[in-house]
């Protein structure tokens, strides 16, 4: 069984290489090897900081951070995002992922960047569910935040309750499109 997984992983790696798909660098999987950032009044761990210059997706920076659940307050997350956003003004595309669970953060860092279309059958839906449960961050069970800055503006998606998959989206420094999108109760336009 294990050799089947190894062969499958090798086949996927060869397919990714043949198609020219970008592979993300791996992160150290132990937070004690992560870099602790001492600029905050609470522990913040830098798990990965990647600059990607890909032909298909353009230039972007991806930052992955760990913050303990007790410190996962909206004000703390906004402070972290604000400092990183100022530090990395270029490229325009900046993505910051912040989790309170180190195993889920490693899943986010190492998530496969391939598209698999599962059949719309009971077996296909089960395989899709199993695939996402094994390789992607779970939708709840820990605090999570994701900041995105791109040409149209800035957005911070934040989970106020760790056991609820629902999130609140803050549009930061909203442009007209962001203000139009901030019409539901889970979307708010917020100016720094």
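Residue numbers (the working numbering): 5 to 196.
We put the CB at the ideal spot given by N, CA and C, even for glycine.
Buried or exposed: where does residue i fall if 16 or more other Cβ atoms within 10 Å of its Cβ makes it buried?
| i | result |
| --- | --- |
| residue 147 | buried |
| residue 133 | exposed |
| residue 110 | buried |
| residue 115 | exposed |
| residue 139 | exposed |
| residue 141 | buried |
| residue 107 | exposed |
| residue 4 | Any question about residue 4 goes unanswered here, given that the chain covers just 5 to 196. |
| residue 127 | exposed |
Comparing C-alpha positions only, which one of the options sits nearest to residue i?
| i | options | result |
| --- | --- | --- |
| residue 2 | 143, 155, 80 and 109 | With the chain covering 5 to 196 only, the question about residue 2 has no answer from this structure. |
| residue 89 | 107, 64, 103 and 108 | 64 |
| residue 94 | 55, 171 and 176 | 55 |
| residue 51 | 71, 62 and 145 | 71 |
| residue 104 | 62, 131 and 145 | 145 |
| residue 96 | 62, 75, 176 and 87 | 62 |
Does the distance from the C-beta atom of residue i to that of residue j stay below 8 angstroms?
| i | j | result |
| --- | --- | --- |
| residue 73 | residue 169 | no |
| residue 67 | residue 57 | no |
| residue 102 | residue 69 | yes |
| residue 151 | residue 120 | no |
| residue 149 | residue 158 | no |
In angstroms with no decimal places, state the Cα-to-Cα distance between residue i and residue j.
| i | j | result |
| --- | --- | --- |
| residue 123 | residue 129 | 7 angstroms |
| residue 153 | residue 92 | 11 angstroms |
| residue 135 | residue 125 | 15 angstroms |
| residue 39 | residue 48 | 8 angstroms |
| residue 112 | residue 137 | 12 angstroms |
| residue 75 | residue 175 | 22 angstroms |
| residue 143 | residue 59 | 30 angstroms |
Q) With contact counted as at least three CB pairs below 8 angstroms, one residue from each stretch, are the region 79 to 94 and the region 38 to 51 in contact? A) yes
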